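Residue numbers (full-length UniProt numbering), protein chains in the order written: chain A, 1 to 538; chain B, 1 to 538.
Note that beta-carbon positions come from the ideal geometry of N, C-alpha and C, so glycine has one too.
Just so it is clear, the structure is predicted and the values come from calculations on it, not from any experiment.
There are 2 protein chains.
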Amino acid sequence: MSTSGPRYRITVADIEARRKKEGRLVAATAAVTDIDSFKTYAGWKDLPKAKRWDSHLSKESASRGPCVLKSAAKYLKRPDMISLGGGLPTPEHFPIQSISMRIATGETGFTEAAAASDEGGKTVTIGKYDSTQPAENPVSEYDIAVGLNYGQAIGSSQMLRWVIEHTELVCTPAYSDWSVSLTVGSTSALDQALRMFCDRERNDMLLTEEYSFSSALETAAPLGIRVVGVSMDEQGLLPERLDEILSGWDAAARGAPKPHVLYTVPSGQNPTGATQSLERRLAVYSVCSKHNVFILEDEPYYFLQMPAYEPKAAGAARVDPLSTYEPAALSTDKFLDSLVPTYVSLDYEGRVMRMDSFSKVLVPGSRMGWVTASSQIIERYIRHTETCTQGANGFSQVMLFELLNNSWGHEGYIKWLGHIQASYTGRRDVLLDACEEFLPKEIVSWTPPTAGMFHWLGVDQTKHPKAKELSLLALEEEIFERCIEKGVLVARGSWFAAEQDKPLPGMFFRATFAAASAEKMTEAIRRFGEAVRESYGL
Amino acid sequence: MSTSGPRYRITVADIEARRKKEGRLVAATAAVTDIDSFKTYAGWKDLPKAKRWDSHLSKESASRGPCVLKSAAKYLKRPDMISLGGGLPTPEHFPIQSISMRIATGETGFTEAAAASDEGGKTVTIGKYDSTQPAENPVSEYDIAVGLNYGQAIGSSQMLRWVIEHTELVCTPAYSDWSVSLTVGSTSALDQALRMFCDRERNDMLLTEEYSFSSALETAAPLGIRVVGVSMDEQGLLPERLDEILSGWDAAARGAPKPHVLYTVPSGQNPTGATQSLERRLAVYSVCSKHNVFILEDEPYYFLQMPAYEPKAAGAARVDPLSTYEPAALSTDKFLDSLVPTYVSLDYEGRVMRMDSFSKVLVPGSRMGWVTASSQIIERYIRHTETCTQGANGFSQVMLFELLNNSWGHEGYIKWLGHIQASYTGRRDVLLDACEEFLPKEIVSWTPPTAGMFHWLGVDQTKHPKAKELSLLALEEEIFERCIEKGVLVARGSWFAAEQDKPLPGMFFRATFAAASAEKMTEAIRRFGEAVRESYGL
């Protein structure tokens, strides 16, 4: 079997055809979802089955049973059954009769001005009882009465159908028994995943990039999970180094069994901005397969992949990609083909749990995302969710369903992603232009990021006049403090070191191009350059 | 110091006066909240300080450090600081320009008809940039740009201010350094609390009612936390029995240290419907104080306290309390005085973490509630939230702020609670009328609940013709199956047994009056009665 990339492709038209055949989705309060019924690719059953991961699970996860009250929902299938079972409030008691939102349709682009205008915007409304209106006058398949009541931990059937379709469109999973669950965001998904796979009593350790997302490290530490950092290059973690660590693992010396979980951010990695190529992903997957390592693929920036940075010619004006962005011109296929394939696309063993997020592409405050993994892993994930967060909140589910399913559809959402991608490309270019202009290249070096929202600046410690007197950490602090004095906040590289007790591999600072205006980003980099120059006495 | 009940009372007028003095709340994206600045009772500083709970914390909780990226927010206070620090998206990228909701004002009551009508309903709107409109044209203090971005794990200042005021109004905390944090609902709060206070490696056990909320038991079990059930009467758990268990604790025989955490649902307990009186709460608190036990007070049904059930006279029609409910006639004081004081009101040591929920009184789908405890405990709670759920979602925060703060205010919300209370009272009465009419009292017995949404039916096993052949569990199953056959779903008592390996204290079934219509509830109880009669051969 080839493992060089996705082995099939479905289209939005395929999804629409399947839905037409299915007919209207009927899913009442806390309905149970048949995930497979929403899969579009007809050949899914012929794909290989996922491996079992029982030996990888923690004691906590392995011991989870189903929720007895939620299980009783099975009796409610009988039409004349009256439930005095679960304490679900009646929607009559919900104080909200309808919810409306002002959004851009995409017809004239996705800017705030478009959303506000008559031509480019519309107001959409979610009623309390939309899903149970008479068949001759259908409104939405989802509503406030269902969406704001208790639901299943995995998510509502309505939102899950959209997520399954989108995942199949983007990830084209490579094995048959893949499944999904909504999450309360990827921070929560990672907390649950670490508790599922790592066992404090077993002294389990976690593999990750040598510079890793600080919040991920802070999630692992209190659980007693020590971290092994894997060296990186401009494409992220090095498979050879990963293989070396695992092949030479000395359990006695380490006081820990050989690690069986890798946490990685493959695209626009936080903090380094590195993006793994397809070849890199294949190599990493192959090492994980060799050592039976499970992969936690965290991809908040996946859709923020962008073309390579082109320095502008001297004196030329920078063209903002957003100013030339035409939603009508962007085809779904063209957009999807521009992205490096996901680990799920390559994963023929069910070795991956992918974490998807709406935080960076819609709103962080939705606190809703989803995970994709084998049905075995998803089942354990749901058991955990049932007694923890109970799953994604109802407001996010009904409102994002209205936006993504009823208003934009899959194609509209891809066009929105194109808009966001163009906007981040423009922001990245502004930041990098400023770096070209204001930073002393003999001291500061970088690789232009091709995804995400972060730029990683290496500062050569060896060239510092006090290199022999001051530790790397002390120098980093000195430059950081100078930055603060000059009025620019950047993140210190040491905050992201996977192994806090090891010497740092170098001096780095992380800058984001996510939020500040073009003018302010430029000024901020000027200030940063000044701070470095002063510190180095240039 | 007296411990007989709340020692002060603040009023809505006091809150309004404090707010007027404070002026407009300015709290931008991810602003840090000064909790104490929102306290209205001027004498709070003179109350005793909470005890320290370091010895009660788990290794996991004790080892949590602050989130390094969130801590960097402190540098942003300088007005000319440009942040290239945190990866917070710009609100320009949020696809929602405004959100509107149709709600009842309360002027003509809170029914769905009132909300839909011109006289009783209104449509309120949350804009994207409301909080930064010019001072001469102020809109809301909160908006989409702030609310739907990343925030602090504790919650937004806007929503926290409302929660602190409401908590002070209802709970009148009895010590000075009390604090609050928003939660992702009480299920999540309990999961976090158990991980904070119970340590698997220490073999910590948990005290609770002998019949307890099944999901709470399912939360504890996979964490390796064994449960000790405390016997109950019609007022819930028995303090004498609690004292006996703790006084006679044999750590060696139990394989566990003396328990230091009690989980209790004081009002409308799930599943028994029992409500602890003030005297009972004082007695339980005193035993916990004697043995240094920390109390987790779970109060989803606190505002669903209701007058005692009065059987209707033969042939008389039942008057629905909702039909006579007049919001104008309900004063805040009268409503609050009708409630048994909370544990927080009695807690002069900071021994309690109270969990409040909007699920039963607004919508379950908000997945937002709050906890009240000492600032030490809240600080640990927030550290946990930062690397787990990241706190309550933004949609719930902006929409419930609009409802509770901007539209209803504290007084309006109390009137809404009065409406909900009246509605549940009416539902309880219908269910109990049906029990009076259809159940064989020689076999089935009950105490009419005075809070919550559950009714607990005891069925006398000793009178069953097969009492000597069949186990209690087998009999319970037989009756349950008959119920299912007849088309009524009730919950089995055994599902709620705190100690699953111990003999059951009796045969019980839990019925809810939360959701089914009056007609269906009556029919359901008729079916249940029929099932019992048939099983008993009556």
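Rounded distance between the beta-carbons of V430 of chain B and R318 of chain B, thought under 8 Å = At roughly 7 Å, the Cβ-Cβ gap stays under 8 Å, so R318 of chain B and V430 of chain B are in contact.
ask   = Between which two residues does the beta strand (DSSP E) containing K122 of chain A stretch?
value = Counting along the chain, the unbroken beta strand (DSSP E) around K122 of chain A starts and ends at G121 to G127.
inquiry  = Can you tell me whether G185 of chain A is buried or exposed? The criterion is at least 16 other CB atoms within 10 Å of its CB, across all chains shown.
reply    = Buried, since its Cβ has 16 or more Cβ neighbours within 10 Å.
key: Cβ neighbour criterion (16 or more within 10 Å) applied to T425 of chain B   = Buried, by the Cβ-count rule.
request  = Kindly indicate which residue of A:I35, A:P505, A:D243 and A:P307 has the alpha-carbon position closest to the one of L160 of chain A.
outcome  = Residue A:I35 is the option with its Cα nearest to L160 of chain A.
inquiry  = For W408 of chain B and Y263 of chain B, what's the separation of their Cα atoms in angstroms?
reply    = If you take the alpha carbons of W408 of chain B and Y263 of chain B, they lie about 33 Å apart.
query = Closest Cβ-Cβ distance between Q133 of chain A and chain B: below 8 Å?
reply = Taking 8 Å as the threshold, the shortest C-beta distance from Q133 of chain A to chain B does not fall below it.
query = Can you list, in chain order, the residues of its chain whose CB lies under 7 Å from that of L25 of chain A, leaving out five sequence neighbours each side?
reply = Cβ neighbours of L25 of chain A beyond the five flanking positions: E141, S157, Q158 and R161.
ask   = Are any of the Cβ atoms in chain B nearer than 8 Å to that of V227 of chain A?
value = It does not: the Cβ of V227 of chain A has no partner Cβ on chain B nearer than 8 Å.
task = For the alpha helix (DSSP H) holding D460 of chain A, just list the boundary residues, first then last.
result = For D460 of chain A, there is no enclosing alpha helix (DSSP H), as DSSP gives it neither H nor E.
message = Here's the rule I'm using: 16 or more other beta-carbon atoms within 10 Å means buried, otherwise exposed. How should V228 of chain A be labelled?
response = Answer is buried; the Cβ neighbour count reaches 16.
ask   = Is DSSP giving A497 of chain B helix, strand or coil here?
value = Note: A497 of chain B maps to strand in three-state DSSP.
request  = In the DSSP assignment, find the unbroken alpha helix (DSSP H) run with L160 of chain A in it and report its ends.
outcome  = Counting along the chain, the unbroken alpha helix (DSSP H) around L160 of chain A starts and ends at S157 to C171.
request  = Answer yes or no: do D191 of chain B and C198 of chain A have a C-beta to C-beta separation smaller than 8 Å?
outcome  = In this structure, the beta-carbon distance from D191 of chain B to C198 of chain A does not fall below 8 Å.
Partner residues on chain A for I414 of chain B, Cβ-Cβ distance less than 7 Å = Within 7 Å Cβ-Cβ: nothing; I414 of chain B doesn't reach chain A, min ~14 Å.
ask   = Which residues in chain A sit within 7 Å of H93 of chain B, going by Cβ to Cβ distance?
value = The answer, in chain order, is I420 and S423.
task = Could you tell me the distance, in whole angstroms, from the CA atom of A518 of chain A to the CA atom of Y150 of chain B?
result = Taken atom to atom, the span from the alpha-carbon of A518 of chain A to that of Y150 of chain B is near 21 Å.
ask   = Is the beta carbon of G127 of chain B less than 8 Å from the beta carbon of D143 of chain B?
value = Closer than 8 Å, so yes.
ask   = What residue from B:L457, B:L475, B:H464 and B:F496 has the CA that sits closest to L508 of chain B's CA?
value = The sequence shown places Phe at residue 508 of chain B, not Leu. Distance from the Cα of F508 of chain B is smallest, within the candidate group B:L457, B:L475, B:H464 and B:F496, for B:L457.
message = Is it buried or exposed, G268 of chain B, if we count other Cβ atoms within 10 angstroms and call 16 or more buried?
response = Counting C-beta atoms within 10 angstroms of its own C-beta, G268 of chain B has 16 or more neighbours from the protein chains shown and is therefore classed as buried.
task = My understanding is that G315 of chain B touches L182 of chain B, with C-beta atoms under 8 Å, so please give their C-beta distance in whole angstroms.
result = A Cβ-Cβ distance of about 50 Å is found for the pair G315 of chain B and L182 of chain B, leaving them out of contact under the 8 Å criterion.
ask   = Buried or exposed: N270 of chain A, going by 16 or more other Cβ atoms within 10 Å of its Cβ?
value = So N270 of chain A ends up on the buried side.
ask   = Counting along the chain, where does the beta strand (DSSP E) carrying D298 of chain A start and finish?
value = Segment F294 to D298, the beta strand (DSSP E) holding D298 of chain A.
request  = Quick one: give me the first and last residue of the beta strand (DSSP E) that W370 of chain A is part of.
outcome  = According to the DSSP assignment, W370 of chain A belongs to the beta strand (DSSP E) that extends over G369 to S374.
query = If the cut is a Cβ gap below 9 Å, which residues of chain A does T187 of chain B touch?
reply = The answer, in chain order, is E386, T387, C388, T389 and Q390.
request  = Quick one: residues in its chain with C-beta nearer than 8 Å to the C-beta of T275 of chain B, no 5 flanking neighbours on either side, listed in chain order?
outcome  = Excluding sequence positions up to five before and after T275 of chain B, its CB lies within less than 8 Å of the CB of Q235, G236, P266, S267, G268, Q269, Q305, V340, P449, T450, A451 and G452, all in the same chain and listed in chain order.
task = Scan the stretch 72-100 of chain A for residues whose Cβ lies nearer than 8 Å to a Cβ of chain B and list them as they occur along the chain.
result = Under the 8 Å Cβ criterion, the stretch 72-100 of chain A contributes A72, Y75, L76, R78, D80, M81, I82, S83, L84, G85, G86, G87, L88, P89, T90, E92, H93, F94, P95, I96, Q97, S98, I99 and S100.
request  = Count the other C-beta atoms from every protein chain shown that fall within 10 angstroms of the C-beta of L242 of chain B, then say buried if there are 16 or more, exposed otherwise.
outcome  = So L242 of chain B counts as buried.
query = Between the stretch 210-222 of chain B and chain A, which residues of the former have a C-beta closer than 8 Å to a C-beta of the latter?
reply = If the cut-off is 8 Å between Cβ atoms, the stretch 210-222 of chain B has S214, S215, E218, T219, A221 and P222 near chain A.
inquiry  = I need the straight-line Cα distance from R281 of chain A to T342 of chain A, nearest angstrom please.
reply    = Between the C-alpha atoms of R281 of chain A and T342 of chain A there is a straight-line separation of about 8 Å.
key: 9 Å Cβ cut-off: residues of chain A touching R64 of chain B   = Residues of chain A passing the Cβ test: E218, A221 and P222.
ask   = T512 of chain A and F438 of chain A: beta carbons closer than 8 Å?
value = No, the pair does not count as a contact, with Cβ atoms beyond the cut-off.
key: Euclidean distance between Cα positions of T208 of chain B and F401 of chain B   = Each residue's Cα considered, the two are about 34 Å apart.
query = What does a CB cutoff of less than 6 Å around L330 of chain B pick up in its chain, not counting 5 residues either side in sequence?
reply = K415 and G418, listed in sequence order.
ask   = R533 of chain A lies in the beta strand (DSSP E); which residues open and close that run?
value = Segment A518 to Y536 is the alpha helix (DSSP H) holding R533 of chain A; no beta strand (DSSP E) there.
Simplified DSSP state of D233 of chain A, which is helix, strand or coil = In the displayed model, D233 of chain A falls within a strand according to three-state DSSP.
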